[in-house]
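Residue numbers for the sequence shown follow the working numbering, beginning at 70 and rising by one.
The beta carbon of each residue, even a glycine, is placed where N, CA and C say it ideally should be.
Everything on this sheet refers to the single structure shown next.
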Amino acid sequence: STGAAVIFGTSGGVMEAALRTVYAKLNGGKEMPGIEVAPVRGMDGLREAEVDLGAAGKVKVAICFGLANARKLMEQAVAGASPYAFIEVMACPGGCIDCGGTPRVKHEFHPNRSKRQNGLFSIDRDMPRRQSHNNPQVIRLYEEFLGEPNSHLAHELLHTHYSDRHKDHSETISRAFQQVTLTDW
70 STGAAVIFGT SGGVMEAALR TVYAKLNGGK EMPGIEVAPV RGMDGLREAE
120 VDLGAAGKVK VAICFGLANA RKLMEQAVAG ASPYAFIEVM ACPGGCIDCG
170 GTPRVKHEFH PNRSKRQNGL FSIDRDMPRR QSHNNPQVIR LYEEFLGEPN
220 SHLAHELLHT HYSDRHKDHS ETISRAFQQV TLTDW
């Protein structure tokens, strides 16, 4: 595994992991200086950063959690007014470290959110490999099965495709209700 995989659990972690790999790919395999991308870290629900990608110049990125914040970024993108090269969206506050599976009693879990986030960053810091593209299992998967990144097979197996199935669900639900008979108890 890699440190990049670990930080996927916190808001901004997917962005940081991707930026590490993008930097290396655009700069002849060199590791990003200051591999920890502090501007994308944090607990604000909506944040932006400008990141220097070396030879490729600077890019603006946005990170958000919560669907209201995601809506703002999506509306901006749909209107063609988004200045961002990359947007990360997570539904849960703080990312997966604060999601529905987190044990909690009312709001007593909030004070520990930053501790959980810092724990992930600490694990990342201690990992011998900190970039996704240096994961030996992923490298082997491509070499022995998928071929090149973005190959037809890799795209077919690793990318999710969405389609509107609303009509399909409505018809299924309608048929189910037609078969249900309500009776008095």
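Exercise. Would you decide whether G81 is buried or exposed? Buried here means 16 or more other CB atoms lie within 10 Å of its CB.
Key: Result: buried.
Quiz item: Should the region 219–233 be regarded as contacting the region 95–115, the criterion being three or more beta carbon pairs within less than 8 Å?
Solution: In short, these stretches do not touch, since the Cβ pair count stays below three.
Quiz prompt | Where the beta strand (DSSP E) containing L115 begins and where it ends | solution = Boundaries of the beta strand (DSSP E) harbouring L115: 115–121, taken from the DSSP string.
Self-check item: Sequence-distant residues of its chain with Cβ nearer than 6 Å to F155 (five each side left out)
Solution: These residues qualify, in order along the chain: V130.
Quiz prompt | Straight-line Cα distance separating Y92 from N138 | solution = N138 and Y92: Cα-Cα distance of roughly 27 Å.
Self-check item: Run of the beta strand (DSSP E) containing I76, from where it starts to where it stops
Solution: DSSP places I76 outside any beta strand (DSSP E), giving it a letter other than H or E.
Self-check item: Span of the beta strand (DSSP E), counted from its first residue to its last, around M159
Solution: Counting along the chain, the beta strand (DSSP E) containing M159 begins and ends at 155–159.
Quiz item: For G216, which residues of its own chain have a beta-carbon under 8 Å away from its beta-carbon, when the five flanking residues on both sides are left out?
Solution: Residues L222, A223 of the same chain have their beta carbon placed closer than 8 Å to that of G216, with the five preceding and five following residues left out of the count.
Exercise. Provide the residue span of the alpha helix (DSSP H) that contains A146, from first to last.
Key: Per DSSP, A146 belongs to the alpha helix (DSSP H) from 136–147.
Practice problem: Could you check what DSSP says for C165 in three-state terms: helix, strand or coil? | Solution: C165 carries a helical assignment under DSSP once its states are collapsed to helix, strand and coil.
Quiz item: Going by DSSP, which residues form a beta bridge with A124?
Solution: According to DSSP, A124 bridges with nothing at all.
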